[in-house]
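The structure under discussion appears below in the form of structure tokens.
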Amino acid sequence: MDLAALNASKIAHCKNDGKPDILHFLFENQEQWAKGSEIEDINSNLKKILDTEKYGINIDKCINNKKVEDHILEDRIN
1 MDLAALNASK
11 IAHCKNDGKP
21 DILHFLFENQ
31 EQWAKGSEIE
41 DINSNLKKIL
51 DTEKYGINID
61 KCINNKKVED
71 HILEDRIN
């Protein structure tokens with residue numbers, strides 16, 4: 001899993017409302033947000049596309065959430 005996919009996964013986990021809507025949205029629109037030579041570019045694209053859809057997510061808080069990151073990485077290992 002690369003850093004862009006990890007950040008998108010963290011965002012999806014932050015919005016964990018029992019519905020897969022945001023996960024499907026991120027997957028279906030991957031070509032729009034997964035562009036850029038630096039992770040900052042990709043994170044900016046994620047913010048723009050999610051703000052447009054009004055998901056109401058604090059993206060910076062999600063991306064910097066170490067607990068969510070550990071959960072995702074642990075799940076990938078097991």
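The numbers in UniProt numbering rise by one with no breaks, and the one at position 58 of the sequence shown is 58.
The C-beta atom is built at its ideal place from N, Cα and C for all residues, glycine as well.
Delimiting residues of the alpha helix (DSSP H) encompassing residue i
i, result
"residue 47", "39-53"
Outcome for residue i when other beta-carbon atoms lying within 10 angstroms are tallied against a minimum of 16
i, result
"residue 63", "buried"
"residue 43", "buried"
"residue 26", "buried"
"residue 35", "exposed"
DSSP three-state assignment for residue i, whether helix, strand or coil
i, result
"residue 57", "coil"
"residue 2", "coil"
"residue 10", "helix"
"residue 21", "helix"
Spatially closest choice to residue i from the options, by CA coordinates
i, options, result
"residue 4", "52, 39, 51", "39"
"residue 16", "74, 73, 56", "56"
"residue 11", "61, 30, 41, 32", "61"
Straight-line gap, residue i to residue j (C-alpha atoms, nearest Å)
i, j, result
"residue 6", "residue 69", "8 Å"
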